[in-house]
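Asks: A single structure is presented below for examination.
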Amino acid sequence: MARIESGISENLDRGALAVVFLMVAVFGLAQGLTYPLLSFILERQGTPAWLIGANAATMAVGLIVSAPLIPGLAIRFGAARLALACALALAVLFAVIATWQSLSVWFPARFLLGVAINGLYISSETWVNQMAPDRIRGRLLGFYATSLAGGFALGPAILALTGTQTLTPFLLCIGVAFVCAGLIWSIRERLPRFASGDSGSIRQVAPLIPFLLAVTGIAAAFDQAILTMFPVYGLSNGLDEPAIATALAVLIVGNILFQVPIGTLADRWGTGRMMALLCLLTIAGAALLPLLITQPVALWAMLFVWGSAAYGIYTIALMELGRRFTGAMLISGNAGFAVMWGVGGFAGPMASGMAIDIAGPHGLPLLLGAAYVVLLVVTLLRRAPARAGARLTS
Numbered sequence: 034m035a036r037i038e039s040g041i042s043e044n045l046d047r048g049a050l051a052v053v054f055l056m057v058a059v060f061g062l063a064q065g066l067t068y069p070l071l072s073f074i075l076e077r078q079g080t081p082a083w084l085i086g087a088n089a090a091t092m093a094v095g096l097i098v099s100a101p102l103i104p105g106l107a108i109r110f111g112a113a114r115l116a117l118a119c120a121l122a123l124a125v126l127f128a129v130i131a132t133w134q135s136l137s138v139w140f141p142a143r144f145l146l147g148v149a150i151n152g153l154y155i156s157s158e159t160w161v162n163q164m165a166p167d168r169i170r171g172r173l174l175g176f177y178a179t180s181l182a183g184g185f186a187l188g189p190a191i192l193a194l195t196g197t198q199t200l201t202p203f204l205l206c207i208g209v210a211f212v213c214a215g216l217i218w219s220i221r222e223r224l225p226r227f228a229s230g231d232s233g234s235i236r237q238v239a240p241l242i243p244f245l246l247a248v249t250g251i252a253a254a255f256d257q258a259i260l261t262m263f264p265v266y267g268l269s270n271g272l273d274e275p276a277i278a279t280a281l282a283v284l285i286v287g288n289i290l291f292q293v294p295i296g297t298l299a300d301r302w303g304t305g306r307m308m309a310l311l312c313l314l315t316i317a318g319a320a321l322l323p324l325l326i327t328q329p330v331a332l333w334a335m336l337f338v339w340g341s342a343a344y345g346i347y348t349i350a351l352m353e354l355g356r357r358f359t360g361a362m363l364i365s366g367n368a369g370f371a372v373m374w375g376v377g378g379f380a381g382p383m384a385s386g387m388a389i390d391i392a393g394p395h396g397l398p399l400l401l402g403a404a405y406v407v408l409l410v411v412t413l414l415r416r417a418p419a420r421a422g423a424r425l426t427s
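For the sequence shown, my numbering assigns the number 34 to the initial residue and increments by one for each residue that follows.
As structure tokens, this is what we get:
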């Protein structure tokens, strides 16, 4: 597998760290823009909801298939070179998707899009954990999660400004991918290097972190189900495209503003207590969505909190992973997160599309709320032995 070479200074290389944050923002942008944009295009073409979800899920399949391969490729070719190649591939794939607006092209193209963004995701997540001193690890991971959420938010924001019936959104993404590639090349010698080793793999780390992997999958399912199917949900409830894009942007802006505070509160209160609170807020948001969907101001206020709570569980999972592992096990844990991000990304759009087809538009919040109810129950069950132990020792 792989390990990280030691010897990183406690002095932060802020320029290199900024590029790492940009990489994960591009990972988020690739999803935050393509999920709603392509859903709008397919909806106009009369594509059924289940097929829209299936097409969106192919990106997640790319994440799942490529995750076990990324660490080995980073060792063989160099992590910076791999990230550079992935950024350039994104530019090409955005051009292909924009030029040939057909499902026969979009299925393989979105699969390859998942492969390309995964190289940026796993490399950046490992780099930021390696570059972060322990004394500020939680804060930096909060900024990392904020960068990822910012990329997601930028997609709907772009659509709110440009609409979905021009090539402008695609051209902007192509430009961002080229900028990302140039910046990676410019700081390639300052990034931590991956070296060969035999002390970790996804199979080894997965049994140690089943709950964290499940949390990652649920967070991904929520994000990608919302990005893919909220346009369908909104249109079914009388919203127009600009209103839907604005609502999505508001939801994800909550992620941008609250991930660092969520991480700080988790440091003070404990991750279990914070996880339970975030689940409760997400369940409440799912219950309120059908009641507020036609009330713009109230809807925006709810979405602002809902997005930060639903996505915040991933920030906590990332914090726990960084605290528990280093070296090869950390890289393997990050690859495991990528697999579960892909699993959640596959299951979320597919399941929510089926829920809408079966139960009507409100099947979407019903399904999402149910997922967080399950997570809440498991969180409380995990906390029960710790509370019992504390009582016995008091």
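Virtual Cβ for every residue (Gly too), placed ideally from N, Cα, C.
Because the structure is a prediction, the values reported are computed rather than measured.
What's the C-alpha gap between Val406 and Leu313?
Replies: Taking the straight line joining both Cα atoms gives about 8 Å.
Asks: Relative to the C-alpha of Leu444, which candidate in Val248, Leu332 and Met164 has its C-alpha closest?
Replies: The question about residue 444 has no answer here: the residues shown for the chain are numbered 34 through 427.
Asks: Any heavy atom of the ligand ZN inside 8 Å of the beta-carbon of Phe255?
Replies: Among the ligands in the structure shown, none appear at all, so the ligand ZN cannot be discussed.
Asks: Measuring only the C-alpha atoms, how far is Leu55 from Val209?
Replies: Cα to Cα, Leu55 sits roughly 10 Å from Val209.
Asks: In the DSSP assignment, find the unbroken alpha helix (DSSP H) run with Thr159 in it and report its ends.
Replies: Its alpha helix (DSSP H) spans residues Leu136 to Met164.
Asks: Could you spell out where the alpha helix (DSSP H) holding Trp333 opens and where it closes?
Replies: Its alpha helix (DSSP H) spans residues Pro329 to Arg357.
Asks: For Ala116 and Gly65, what's the separation of their Cα atoms in angstroms?
Replies: Approximately 20 Å between the Cα atoms of the pair.
Asks: Pairing CB atoms from the region 250-262 with CB atoms from the region 152-171, are three or more of them under 8 Å?
Replies: Counting Cβ pairs under 8 Å, fewer than three are found: no touch.
Asks: According to DSSP, is Val385 helix, strand or coil?
Replies: The question names Val, yet the displayed sequence has Ser at residue 385. Helix.
Asks: Taking Cβ positions, are Arg226 and Ala112 nearer each other than 9 Å?
Replies: For Arg226 and Ala112, yes; Cβs fall inside 9 Å.
Asks: If you compare alpha carbons, which of Thr132, Ala93, Leu75 and Phe379 is closest to Leu145?
Replies: Measuring from the Cα of Leu145, the nearest candidate turns out to be Ala93.
Asks: Under 9 Å, do Phe263 and Leu281 count as touching if we go by C-beta distance?
Replies: For Phe263 and Leu281, yes; Cβs fall inside 9 Å.
Asks: Between which two residues does the alpha helix (DSSP H) holding Arg306 run?
Replies: Note, Arg306: alpha helix (DSSP H), Thr304 to Leu325.
Asks: Going along the chain, which residues of its own chain have a beta-carbon closer than 6 Å to the beta-carbon of Phe358, five neighbours each way excluded?
Replies: These residues qualify, in order along the chain: Gly366.
Asks: Tell me whether Asp273 sits in a helix, a strand or coil according to DSSP, three-state version.
Replies: DSSP places Asp273 in coil when its eight states are reduced to three.
Asks: Thinking C-alpha only, which one of Gly369, Glu274 and Phe60 is nearest Leu354?
Replies: The candidate whose alpha carbon is nearest that of Leu354 is Gly369.
Asks: Please name the residue in Gln328, Ala342, Gly48 and Tyr154 whose C-alpha comes closest to that of Met307.
Replies: Taking only the C-alpha atoms, the option nearest Met307 is Ala342.
Asks: Please state whether DSSP places Thr201 in a helix, a strand or coil.
Replies: Of the three classes helix, strand and coil, the one that applies to Thr201 here is helix, per DSSP.
Asks: Ala320: which of Glu274, Leu408 and Leu399 sits nearest, CA to CA?
Replies: Nearest C-alpha to Ala320: Leu399.
Asks: Can you round the beta-carbon distance between Val23 and Thr179 to whole angstroms, since I take them to be within the 8 Å contact cut?
Replies: Any question about residue 23 goes unanswered here, given that the chain covers just 34 to 427.
Asks: When DSSP labels each residue in this structure, what does Gly105 get in the three-state scheme?
Replies: Gly105: helix per DSSP, three-state reduction.
Asks: Specify the secondary structure class of Gly208 as computed by DSSP and reduced to three states.
Replies: In the structure shown, Gly208 sits in a helix (DSSP, three-state: H, G or I).
Asks: Indicate whether Asn270 and Pro382 have their beta-carbon atoms separated by less than 9 Å.
Replies: Cβ atoms of Asn270 and Pro382: not closer than 9 Å.
Asks: Please state whether DSSP places Trp83 in a helix, a strand or coil.
Replies: It is helical.
Asks: How big is the Cα-Cα spacing for Thr159 and Leu192?
Replies: Each residue's alpha carbon lies about 31 Å from the other.
Asks: Taking the CB atoms as reference points, tell me whether Ile155 and Ala107 lie closer together than 9 Å.
Replies: Taking 9 Å as the Cβ cut-off, Ile155 and Ala107 qualify as a contacting pair.
Asks: Is Gly188 closer than 9 Å to Leu70 when the C-beta atoms are compared?
Replies: Contact: yes.
Asks: Buried or exposed for Val410, please, with buried defined as at least 16 other CB atoms from any protein chain shown within 10 angstroms of its CB.
Replies: Burial call: exposed.
Asks: Going by C-alpha to C-alpha distance, which of Gly61, Gly183, Arg221 and Leu311 sits closest to Trp465?
Replies: As displayed, the chain neither begins before 34 nor continues past 427, which places residue 465 out of reach and without an answer.
Asks: With a CB to CB cut of under 7 Å and the five nearest residues on each side skipped, what residues in its chain are close to Pro52?
Replies: Checking the sequence shown, residue 52 turns out to be Val, not Pro. Closer than 7 Å at Cβ, skipping near neighbours: Leu216, Ile217 and Ile220.
Asks: Would you mind sorting Gly79 into buried or exposed? The rule is 16 or more other CB atoms within 10 Å of its CB.
Replies: Exposed.
Asks: Please tell me whether Arg120 and Ala252 are closer than 9 Å, where the distance is taken between their beta carbons.
Replies: What sits at residue 120 in the sequence shown is Ala, not Arg. Result no, Cβ atoms of Ala120 and Ala252 do not sit closer than 9 Å.
Asks: Assuming Ala190 is part of the alpha helix (DSSP H), what are its boundary residues?
Replies: Residues Arg170 to Thr195.
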